[in-house]
Every structure is written in structure tokens, then in C-alpha cells.
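Engineer: Let me give you the structure first, and then I'll get to my questions.
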Amino acid sequence: LASPAKKKPPIKDCFTDVYTELPWHLEEQWQFMEKHVREYSDDYNLSKFRDLDGPLPAMDPSRVLSKPLTTPPPPSTQTERTTMVNAINDALSIALEKNPKCVLFGQDVGFGGVFRCSMGLRDKFGADRVMNAPVAEQAIAGFAVGLSCAGWSAIAEIQFADYIFPAFDQIVNEIAKYRYRNAGGGAGNIVIRTPCSAVGHGSMYHSQSPESFFAHCPGLKIVVPRGPRQAKGLLLSAVRDPDPVLFFEPKVLYRHVFEDADGDVPVGDYELPLGQAEVVREGSDITLVGWGTQVMRMQAAADRAAKEGISCEVIDLQTIIPWDVDAVEASVKKTGRLVVTHEAPSTNGFGAEIAQKIQERCFLSLEAPIARVCGWDTHFPYAFEEVYLPSVARLQDAIRKSMSF
Numbered sequence: 018l019a020s021p022a023k024k025k026p027p028i029k030d031c032f033t034d035v036y037t038e039l040p041w042h043l044e045e046q047w048q049f050m051e052k053h054v055r056e057y058s059d060d061y062n063l064s065k066f067r068d069l070d071g072p073l074p075a076m077d078p079s080r081v082l083s084k085p086l087t088t089p090p091p092p093s094t095q096t097e098r099t100t101m102v103n104a105i106n107d108a109l110s111i112a113l114e115k116n117p118k119c120v121l122f123g124q125d126v127g128f129g130g131v132f133r134c135s136m137g138l139r140d141k142f143g144a145d146r147v148m149n150a151p152v153a154e155q156a157i158a159g160f161a162v163g164l165s166c167a168g169w170s171a172i173a174e175i176q177f178a179d180y181i182f183p184a185f186d187q188i189v190n191e192i193a194k195y196r197y198r199n200a201g202g203g204a205g206n207i208v209i210r211t212p213c214s215a216v217g218h219g220s221m222y223h224s225q226s227p228e229s230f231f232a233h234c235p236g237l238k239i240v241v242p243r244g245p246r247q248a249k250g251l252l253l254s255a256v257r258d259p260d261p262v263l264f265f266e267p268k269v270l271y272r273h274v275f276e277d278a279d280g281d282v283p284v285g286d287y288e289l290p291l292g293q294a295e296v297v298r299e300g301s302d303i304t305l306v307g308w309g310t311q312v313m314r315m316q317a318a319a320d321r322a323a324k325e326g327i328s329c330e331v332i333d334l335q336t337i338i339p340w341d342v343d344a345v346e347a348s349v350k351k352t353g354r355l356v357v358t359h360e361a362p363s364t365n366g367f368g369a370e371i372a373q374k375i376q377e378r379c380f381l382s383l384e385a386p387i388a389r390v391c392g393w394d395t396h397f398p399y400a401f402e403e404v405y406l407p408s409v410a411r412l413q414d415a416i417r418k419s420m421s422f
């Protein structure tokens, strides 16, 4: 037998350092492995691993719940009606003001950015903290790694999500893996902001929703807000999160006028917890799950369904990784039906992950197959955008088919 000093680390170390704290899905996987290798001990050389030949470690069942591990303080009761672009600007200003070691940079950021999200910030905080970057996305991501490892908080902007792919290597092989490779520390405190999704005239190079490319990579958190209130609260949480966060901003919403509570943004510092979904509308017959721009389309489809006597529960996931599986599970066990929707192409989109996990957890509660209403498996077309997008009509059709199954 190997001596204790030469044994491999405990199984939990396989998951440690992917994130600062294990989110529910890694906690779930670790707990499964601890039991599995003991049950199938003939297939695993337990003597090579520390602790595996001993009793099963104590496991806290609350750790596999998908609710956030920390909850920010309640926001100010004072709100102001504003747009998403102004809410993001306000969040960036607060982040820079509260943390003198926070730096904002990206293409044209010093001039206010192509969508004007950083207007006035260079004048307020100086050119050494709000700066332009060259048209080199890989360099922007690499600079964020260096800043983080030097103890700074980096907020990088990629001008369009479509152009994040030159930075893919830095994000996936450096930012996401640095802590794991380094056995803790480094390359946290990084937020990469980028405008995403359809805008009405963007065609294939200014309309993509690439969240699923990065959801496949351990070590990243992914956030997509649906309105001004969510954008400010989630962005400030992302900036202060110790893990790297990709913050996708649906650009068609930047100057959309929100007449409901989503447009009423708390004044001052304000955070929303990462990893927590929101039930936007309660219902009893079918569950609709989406994020970003799709939330508006889900609500419009729910309005149409209500005229036909169908009660839809609408859930905004808000965070793609880690996603709030418990909220979706509870809803589907109540309604028995689920439609998942996103603008990205259907094949290997994140909706497939949601469908699989909910099928696993809610199989005996389902009254109909889980449906996906997504972009088609083709490039984003300039001439046919209205038929490419997962529209209100397509959602209405999916709701009807599920209800009549």
C-alpha cells in the first residue's frame, strides 16, 4: 500500500479550486463520486487515494441546493426609472468609486463605448482606470488575467459578443483554469462585459448569443440580465464575485423603455445574487424558462395563452452558470410542463442542459415532453431575422402543443 504521504488527495480535491465555493452542481457531482467509488471499489484502487478507504465523509444536504450561498443586503427603497444603458453606467461608476483597484477597459471604452455604457467615467476616474484597448480581444482578456493576478479587479469590455472568439483561448484556458492549475488564487475578480443577441439589423456578426460555448467550460460564471434593475444589481455582484464572470448584455434592451418594475432601479449601491432565478409571473399550467430578451417574449406569449385559459409560469434564469435548478424543478413539479427558450441555435444550446436535468428530476411529474423554442441551426440571417428568432408566435405554438399532448 502507498504511504499516506504518497497517496493521491481526497476525491473532493478534484472539484476544489474550480470556483471559490462549490456551486450545487459540483457539490452534487462530488457527493455522487464519494459514494460511487466505494460502491464499485473493485473498479477503483481505493488504496491510492487518501480517505477513500475510510468512512463516507459528512455531507451537508443543503450544499446541493441551488440557492446562492450568500445573499446581498436589501437595496434602497428609493428607485428611479431609467434605461439599461444608464443602469450599467451607474453600476460601473459605483464599482470604480468603491474599489480604487478596479480598472475598466476595452475598445473605445475611454470614449464612452460604442453603446455609451461608459460615458463620463474616464473624466470621473481618470485615464489610468478607464482606458481604451486595441482591437485585439485576446489581448484584452490577457490583460485582465495580468491585472487580476496582480491584485486588481478587472472589468473588460468586448465590443460585441460575436467578437469574443479571438479571446476564447484566454478565457477558457487561462481565466477559467488559472485557479485550478494554481491550486487556489489568481484570475478571479474578472468581469468580461459584452453586448449580445439580436438587435434588428445585426446579421451574423452582430447578433450572436454565445453563452453555451462558455457554459461548457468549468470555472466561469455566466449572467444575462433582462432589464435595467437586473443589469445594475447583477453587474455589481459580478464585479465583486471572486470568480470570473461573463456578463452578456442584450443590446436591443439598452435603450428599451421599461414601463414595469424592471425599469425602476434602486438608487445607490445595489446587488442581486448570482445563481438565483426569478419567477416573473406565477402560473399553474405550464412553465416557461428563458433569459435576457426572451423574457419579454415569454411574457407576451403568456398573455396570449391567458386569453385561451392557459396559466403560464414565467421564470427568468438570470444566471446561466450556476443556474437555479431548484426554482425550475419546483415550478415544473407544480405545472407538469416545460418550455425552454433562447436565441442561440437549438443544437447544444443551454436549453438542452436544462431539459436533461429537469427530465431527470421531474420525470414522474411531466405531463408532456419538454419543448425547446430556440434559434435555428443556421447562421443568423439579415433578411430573415423575424423568422429566425424564437418569436412570441413560436412560443404560443409550443404552449398549445404541450397543453394538448
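So the number in the working numbering is just where the residue sits in the sequence shown, counting from 1, plus 17.
Backbone N, C-alpha and C define an ideal beta-carbon position, used for all residues, glycine too.
It should be emphasised that the depicted structure is a prediction, and the values quoted were computed from it without experimental measurement.
The alpha helix (DSSP H) that contains Asn62, what's its start and end?
Structural biologist: Numbered from its first residue, the sequence shown carries residue 62 at position 45. Looking at the DSSP string, Asn62 is not in any alpha helix (DSSP H), and its letter there is neither H nor E.
Engineer: Going residue by residue through the stretch 160-195, where are the continuous beta strand (DSSP E) segments of at least 3 residues, counting only ones entirely within it?
Structural biologist: As far as the stretch 160-195 is concerned, its whole beta strand (DSSP E) runs of at least 3 residues are 170-174.
Engineer: Need the endpoints of the alpha helix (DSSP H) that Cys234 sits in, please.
Structural biologist: Counting from one through the sequence shown, the residue named residue 234 turns up at place 217. Neither: Cys234 is in no alpha helix (DSSP H) and is coded neither H nor E.
Engineer: Assuming Pro227 and Ile181 make a contact with CB atoms under 8 Å, what is their CB distance in whole Å?
Structural biologist: Walking along the sequence shown from the start, residue 227 turns up at place 210. Walking along the sequence shown from the start, residue 181 turns up at place 164. Yes, Pro227 and Ile181 are in contact; Cβ-Cβ is about 6 Å, under 8 Å.
Engineer: Return yes when the Cβ of Ser254 is within less than 8 Å of the Cβ of Leu291, no when it is not.
Structural biologist: Here the question's residue 291 lines up with position 274 in the sequence shown. Here the question's residue 254 lines up with position 237 in the sequence shown. For Leu291 and Ser254, yes; Cβs fall inside 8 Å.
Engineer: Going by beta-carbon coordinates alone, are Ala385 and Arg354 separated by less than 8 Å?
Structural biologist: Residue numbering aside, residue 385 sits at position 368 when the sequence shown is read from its first letter. Residue numbering aside, residue 354 sits at position 337 when the sequence shown is read from its first letter. Yes; because the gap between Cβ atoms is below 8 Å, this pair is in contact.
Engineer: Based on Cα-Cα distance, which residue from Thr37, Ala248 and Pro267 lies nearest to Leu86?
Structural biologist: Here residue 86 is taken as the residue at index 69 of the sequence shown, counted from 1. The shortest Cα separation from Leu86 among Thr37, Ala248 and Pro267 belongs to Thr37.
Engineer: With distances taken between CB atoms, is the gap from Leu406 to Glu377 smaller than 8 Å?
Structural biologist: On the sequence shown, position 389 is the one that residue 406 refers to. On the sequence shown, position 360 is the one that residue 377 refers to. No, they are not a contact pair.
Engineer: Give the C-beta separation of Gln124 and Glu191 to the nearest angstrom, bearing in mind that I take them to be a contact with Cβ-Cβ under 8 Å.
Structural biologist: Taking the first residue of the sequence shown as position 1, residue 124 is located at position 107. Taking the first residue of the sequence shown as position 1, residue 191 is located at position 174. Not confirmed; about 20 Å, so no contact.
Engineer: Which full runs of the beta strand (DSSP E) of 3+ residues lie inside the stretch 65-98, going along the chain?
Structural biologist: Those beta strand (DSSP E) runs which fall completely within the stretch 65-98 and span 3+ residues are 96-98.
Engineer: Considering only their Cβ atoms, is the gap separating Ala204 from Tyr195 smaller than 8 Å?
Structural biologist: Against the sequence shown, residue 195 aligns to sequence position 178. Against the sequence shown, residue 204 aligns to sequence position 187. Against a cut-off of 8 Å, the Cβ pair of Ala204 and Tyr195 comes out as a contact.
Engineer: If I follow the unbroken alpha helix (DSSP H) through Val241, where does it start and stop?
Structural biologist: By one-based count along the sequence shown, residue 241 stands at place 224. Val241 -> no alpha helix (DSSP H), and no H or E assigned at all.
Engineer: Based on Cα-Cα distance, which residue from Ala344, Leu383 and Thr100 lies nearest to Ser83?
Structural biologist: Taking the first residue of the sequence shown as 1, we reach residue 83 at position 66. Measuring from the Cα of Ser83, the nearest candidate turns out to be Ala344.
Engineer: If I measure Cβ to Cβ from Ala200 and keep anything under 7 Å in the same chain, skipping five residues before and after, which residues do I get?
Structural biologist: For the purposes of this step, residue 200 is taken as residue 183 along the sequence shown, with counting starting at 1. Excluding sequence neighbours, Ala200 sits near Asp34.
Engineer: What residue from Pro27, Asn116 and His42 has the CA that sits closest to Arg257's CA?
Structural biologist: Taking the sequence shown and counting its residues from 1, one reaches residue 257 at position 240. Nearest C-alpha to Arg257: Asn116.
Engineer: Output the distance between the C-alpha atoms of Leu164 and Ser328, rounded to the nearest integer angstrom.
Structural biologist: The count along the sequence shown starts at 1 and reaches residue 164 at position 147. The count along the sequence shown starts at 1 and reaches residue 328 at position 311. Between Leu164 and Ser328, the C-alpha separation is close to 49 Å.
Engineer: Per DSSP, what are the beta-bridge partners of Pro290 in this structure?
Structural biologist: Residue 290 sits at position 273 when you count from the first residue of the sequence shown. Beta-bridge pairing links Pro290 to no other residue.
Engineer: Of all the options Gly250, Trp169 and Phe132, which has the alpha carbon lying nearest to the alpha carbon of Pro91?
Structural biologist: What you label residue 91 is simply residue 74 of the sequence shown in a count that begins at 1. Comparing Cα positions, the closest option is Gly250.
Engineer: Hey, would you say Leu270 sits closer than 8 Å to Ile239, going by beta carbons?
Structural biologist: Stepping through the sequence shown from its first residue, residue 270 is reached at position 253. Stepping through the sequence shown from its first residue, residue 239 is reached at position 222. No.
Engineer: Measure the alpha-carbon distance for Leu412 versus Val390 and round it to whole angstroms.
Structural biologist: Counting from 1 along the sequence shown, the entry for residue 412 is found at position 395. Counting from 1 along the sequence shown, the entry for residue 390 is found at position 373. One C-alpha to the other measures close to 6 Å.
Engineer: Just the Cα atoms here: how many angstroms apart are Val284 and Phe177?
Structural biologist: On the sequence shown, residue 284 is found 267 positions in, with the first residue counted as 1. On the sequence shown, residue 177 is found 160 positions in, with the first residue counted as 1. Roughly 28 Å separates the two Cα atoms.
Engineer: Taking only runs that begin and end inside the stretch 269-323, name each unbroken beta strand (DSSP E) of 3 or more residues, in chain order.
Structural biologist: Entirely contained in the stretch 269-323, the beta strand (DSSP E) runs reaching 3 residues are, in chain order, 281-283, 295-298 and 303-307.
Engineer: Beta carbon of Val409, beta carbon of Ala388: below 8 Å?
Structural biologist: Stepping through the sequence shown from its first residue, residue 409 is reached at position 392. Stepping through the sequence shown from its first residue, residue 388 is reached at position 371. The answer is no: Cβ separation not under 8 Å.
Engineer: Could you give the distance in angstroms between the alpha-carbon of Gly129 and the alpha-carbon of Ser135?
Structural biologist: By 1-based counting over the sequence shown, the position of residue 129 is 112. By 1-based counting over the sequence shown, the position of residue 135 is 118. Cα to Cα, the separation comes out at about 4 Å.
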